[in-house]
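A.B. asks:
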Ligand code: ATP
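Residue numbers (the UniProt record's numbering): 5 to 202.
1. My assumption, with CB atoms under 8 angstroms, is that residue 43 sits in contact with residue 99. Please give the rounded CB distance.
2. Using the Cα positions of residue 1 and residue 60, report the straight-line distance between them to the nearest angstrom.
3. Report yes if the CB atom of residue 116 is closer than 7 angstroms to the CB atom of residue 12, and no otherwise.
4. In this structure, how does DSSP classify residue 202 when only helix, strand and coil are distinguished?
5. Apply the 10 Å Cβ neighbour rule to residue 86 and answer buried if 16 or more other Cβ atoms are within range, or exposed otherwise.
6. Please list, in chain order, all residues of the same chain as residue 193 whose beta carbon is under 8 angstroms from its beta carbon, the five residues on each side excluded.
7. Taking buried to mean at least 16 other C-beta atoms within 10 Å of its own C-beta, is residue 180 buried or exposed?
8. Below 8 angstroms, how does it come out for the region 24-35 and the region 102-109: are there three or more Cβ pairs, yes or no?
9. Tell me the start and end of each unbroken alpha helix (DSSP H) in the region 115-199 that is at least 4 residues and wholly inside, in chain order.
10. Any idea if residue 202 is buried or exposed, counting beta-carbon neighbours within 10 angstroms, 16 or more meaning buried?
11. Between residue 16 and residue 126, which are expected to be in contact by the criterion C-beta below 8 angstroms, what is the C-beta distance as a whole number of angstroms?
12. Would the beta-carbon of residue 3 fall within 7 angstroms of that of residue 62?
13. How about residue 17: is its Cβ closer than 6 angstroms to a heavy atom in ligand 1?
14. Take residue 189 as the anchor and find which of 135, 58, 52 and 57 has the nearest alpha-carbon.
15. By the 10 Å Cβ neighbour count, where 16 or more other Cβ atoms means buried, how is residue 88 classified, buried or exposed?
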């Protein structure tokens with residue numbers, strides 16, 4: 005089977021950008037964030053779990069996620085966030101495994117902001133951490149998400165494992181500081197993973 009490779013990195017590190025480069029090389033990429041959103045809207049088991057824990061109002065009459073309600077009730081305090089994650093993370097895990105079974109490339113990527121933090125790393129063969137200096141990460145995130153302010157971005161950073169720790173735990177580190185050096189780093193890792201998978 006393909007090697008299962010995680011690609012992670014803190015907010016604004018550039019992991020989605022790096023994942024796009026791997027996609028261009030033909031590597032299948034599973035985006036945990038996108039799939040989590042999709043599953044919340046479409047997976048009947050997860051939907052019924054969310055409705056049971058947070059109430060029927062979690063979904064609108066047409067079945068769509070009631071984002072405003074969940075933002076107020078599920079994403080507002082830490083203990084509620086833990087509760088919703090306890091439902092969403094296992095659903096993403098199941099969905100990822102089902103997807104991974106159908107891939108035939110030498111390796112595949114699971115992209116997620118939290119891989120070490122959730123323990124998802126345990127089922128992966130290798131992990132890549134995308135690493136960038138804090139200042140750059142804050143600046144990139146503020147440019148991309150104008151609705152956020154610096155305090156909010158720093159709060160998210162404080163909830164994630166520090167970059168240095170992730171670099172220690174990762175098998176590969178991509179330094180996304182200088183654009184010129186980004187693609188050569190991706191190609192080098194791609195080569196190693198293709199060899200390792202043979
Ligand atoms: P999140 O965890 O918030 O999803 P991320 O790690 O996936 O973040 P990206 O969305 O890839 O990060 O990058 C954040 C922003 O920074 C994006 O707008 C992206 O275009 C930009 N960016 C990423 N890498 C670079 C780079 N090397 N040079 C310039 N801009 C970059």
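For glycine and all other residues, C-beta sits at the position ideal for the given N, C-alpha and C.
Model, not experiment: these values are computed from the prediction.
C.D. replies: Reading from the atomic positions:
1. Numbered from its first residue, the chain shown carries residue 43 at position 39. Numbered from its first residue, the chain shown carries residue 99 at position 95. Right, their Cβ atoms sit about 6 angstroms apart.
2. The structure shown does not extend to residue 1, since the chain is modelled only from 5 to 202, so the question has no answer here.
3. Counting from 1 along the chain shown, the entry for residue 116 is found at position 112. Counting from 1 along the chain shown, the entry for residue 12 is found at position 8. The answer is yes: Cβ separation under 7 angstroms.
4. Here residue 202 corresponds to residue number 198 of the chain shown, with the count starting at 1. Bear in mind that the predicted position of residue 202 carries a pLDDT of just 47, short of 50, making it too unreliable to give a figure here.
5. Here residue 86 corresponds to residue number 82 of the chain shown, with the count starting at 1. It counts as exposed.
6. Looking up residue 193 in the chain shown gives position 189. Hits under 8 angstroms: 132, 176 and 178.
7. Sequence index remark: in the chain shown, residue 180 carries index 176 (1-based). Answer is buried; the Cβ neighbour count reaches 16.
8. Proximity of the region 24-35 to the region 102-109 meets the contact definition, three or more beta-carbon pairs being nearer than 8 angstroms.
9. 138-148, 154-163 and 167-173
10. Start at 1 with the first residue of the chain shown, and residue 202 comes out as number 198. Residue placement at residue 202 is poorly supported in this model, since its pLDDT is 47, which falls under 50; the coordinates still yield a value, given next. Exposed is the call here.
11. Along the chain shown, read from residue 1 onward, the residue named residue 16 stands at position 12. Along the chain shown, read from residue 1 onward, the residue named residue 126 stands at position 122. Going by Cβ atoms, the distance from residue 16 to residue 126 rounds to 26 angstroms, so no, they are not a contact pair.
12. As shown, the chain starts at 5 and ends at 202. That puts residue 3 outside it, with no answer to give.
13. Residue 17 sits at position 13 when you count from the first residue of the chain shown. Yes; taking the cut-off as 6 angstroms, the Cβ of residue 17 has a heavy atom of ligand 1 nearer than that.
14. Stepping through the chain shown from its first residue, residue 189 is reached at position 185. Checked all of 135, 58, 52 and 57; the closest Cα to residue 189 is 135.
15. Residue numbering aside, residue 88 sits at position 84 when the chain shown is read from its first letter. Its Cβ being crowded by 16 or more others within 10 Å, residue 88 is buried.
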